[in-house]
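2 protein chains.
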Amino acid sequence: MQKHLSIGQLAAKTGCQPITVRFYEKKGLMNSPARQANNYRYYTEKDVEQLFFIRHCRYHGFSLDEIKSLLALREAPTASCGAVDSILDKQIKKLDEYIKLTENLRAHLIELRKKCPHHGPVSTCGIMKSLMDRTFCPCLHDPHYQDIDELENHGPNAP
Amino acid sequence: MQKHLSIGQLAAKTGCQPITVRFYEKKGLMNSPARQANNYRYYTEKDVEQLFFIRHCRYHGFSLDEIKSLLALREAPTASCGAVDSILDKQIKKLDEYIKLTENLRAHLIELRKKCPHHGPVSTCGIMKSLMDRTFCPCLHDPHYQDIDELENHGPNAP
DNA sequence: ACTTGACCTTATATTAGCTATAGGGATTAT
DNA sequence: ATAATCCCTATAGCTAATATAAGGTCAAGT
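Listed below in structure tokens is the structure:
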């Protein structure tokens with residue numbers, strides 16, 4: 000039973016790359032593993048489990064900070080799992096808002112697209128005209144505008 | 000007619016912040032404006048129009064690179080607006096995929112959430128169990144897994 | 001023995017779209 | 001005179017990695 004894995008073997012087992020494992024280590028999601036005489040990292044089964052856990056969480060769209068919380072909870076198994084539930088509930092709510100925002104955005108774009116049904120010179124393009132028309136720019140009025148930044152900074156997998 | 004605006008006045012007119020205007024300048028979306036004797040930037044009506052255009056485009060979810068293309072097209076009005084149309088079509092398609100991905104993610108989370116309907120100690124939490132269960136980790140099989148990165152790197156307003 | 005290639009190490013820079021902070025100079029109001 | 005507010009530059013920060021540079025180590029093949 001060969002229990003000492005190199006970083007490459009660990010990465011291959013969990014479907015990510017060595018550089019990502021080192022990244023997680025730096026971020027405090029993976030423990031600093033023991034080193035061999037040649038300074039290579041070597042990993043145990045516990046590390047494999049932990050990395051699987053992390054990647055599984057990432058798969059579900061959790062941020063690294065949220066994963067850190069989940070890892071901490073895992074270390075304190077007597078804690079109530081209400082904290083776990085609330086992390087999930089928050090994530091689901093975030094996704095709901097996110098989907099709504101994106102659908103709004105899509106509707107806006109469809110509207111815009113309709114303004115240039117036929118090809119022609121840019122100078123007569125209805126889309127460009129709309130984009131240039133200051134009176135139609137909702138930037139200053141539409142609360143959705145602020146949402147754009149929301150959307151970028153707090154997307155499904157953003158922090 | 001007072002035509003020379005300070006950066007703060009320009010920003011206020013277009014609903015963004017001075018620092019953002021400087022940022023656009025550095026990124027090549029706004030021209031370097033003339034300077035007053037005190038080294039302050041001052042702007043003209045053309046700059047106001049251009050910034051409105053940029054912000055309007057951002058409102059519609061275009062990336063700065065896409066906006067750069069649109070600005071270039073605006074400078075070449077004899078070009079066909081097919082290029083404009085295709086930028087919009089691409090954006091709409093991107094949003095469609097994006098919405099689909101996010102809805103999938105949401106479904107996964109709802110499934111996961113169901114595994115812990117009642118509060119209890121973390122050690123018996125069905126969610127944590129699922130997240131820890133390597134045999135249920137889709138990371139290695141599910142093509143959706145790769146999509147997570149997709150989703151993060153190419154969200155509606157990502158490049 | 002020697003070289004090739006695959007693997008490992010570190011540190012730094014890059015990605016998008018800003019925002020924050022530090023450390024200064026200029027202008028305006030009191 | 002001084003305080004508040006504006007302006008300037010330069011640098012660092014945010015996510016979640018990825019890319020690149022420059023080097024050390026190891027196993028296999030010739």
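Protein chains in written order, with numbering that gives the first Met the number 0: chain A, 0 to 158; chain B, 0 to 158. Glycine is no exception: its CB is placed at the ideal position from the N, C-alpha and C atoms. Here the structure is a predicted model, which is why all the values come from computation and not from measurement.
Contacts around residue i, its chain only, beta-carbon distance under 7 Å, and the 5 residues preceding and following it disregarded
i        : result
B:Ala78  : Leu72
A:Leu9   : Val20, Tyr42, Asp46, Val47, Leu50
A:Cys124 : Cys115
B:Cys56  : Ile66, Leu69
B:Ser129 : Leu111, Lys114, Phe135
A:Met131 : none
A:Glu24  : Ser31
B:Ala33  : Tyr41
A:Gln35  : Tyr41
Closest by C-alpha distance to residue i, when choosing among the options
i        : options                              : result
B:Leu4   : B:Thr13, B:Lys25, B:Thr43            : B:Thr43
A:Leu83  : A:Lys67, A:Leu94, A:Leu108           : Note that residue 83 of chain A is Val in the sequence shown here, rather than Leu. Here the closest residue by C-alpha is A:Lys67.
A:His59  : B:Lys128, B:Leu111, B:Ser122         : B:Leu111
A:Ala11  : A:Asn37, A:Arg34, A:Arg54, A:Ile109  : A:Arg54
A:Lys93  : B:Glu102, B:Gly81, B:Cys80, B:Pro76  : B:Glu102
A:Ser85  : B:Ser85, B:Gly14, B:Leu108, B:Leu104 : B:Leu108
A:Gly119 : B:Cys80, B:Arg105, B:Arg133, B:Asp88 : B:Cys80
A:Glu74  : B:Glu24, B:Ala106, B:Phe22, B:Val121 : B:Val121
A:Arg105 : B:Arg105, B:Asn38, B:Arg133, B:Asp88 : B:Asp88
Cβ of residue i within 8 Å of any chain B Cβ
i        : result
A:Val121 : yes
A:Met127 : yes
A:Thr43  : no
A:Pro76  : yes
A:Gly7   : no
A:Gln35  : no
A:Leu104 : yes
A:Met131 : yes
A:Ser79  : yes
A:Gly60  : yes
A:Glu96  : no
A:Glu48  : yes
A:Leu70  : no
CB contact flag (residue i, residue j, <8 Å)
i        : j       : result
A:Pro17  : A:Gly7  : yes
A:Cys115 : A:Ile98 : no
B:Gln90  : B:Phe61 : yes
CB contact below 8 Å: residue i versus chain A
i        : result
B:Arg73  : yes
B:Glu24  : no
B:Thr19  : no
B:Asp84  : yes
B:Leu4   : no
B:Gln90  : yes
B:Arg40  : no
B:Leu28  : no
B:Leu108 : yes
Beta-carbon contacts of residue i that lie in its chain and below 8 Å, excluding the five residues immediately before and after
i       : result
A:Leu70 : Leu28, Gln49, Phe52, Ile53
A:Cys15 : Leu50, Arg54
Cut-off 6 Å between Cβ atoms - residues of its own chain near residue i, not counting five sequence neighbours on either side
i       : result
B:Thr13 : Leu50, Phe51, Arg54
Check your understanding: Curious, which full-length alpha helix (DSSP H) runs of at least 4 residues does the region 69–115 of chain B contain?
Key -> 81–113
Check your understanding: Which residue spans inside the region 20–50 of chain B form an unbroken beta strand (DSSP E) run of at least 3?
Key -> none
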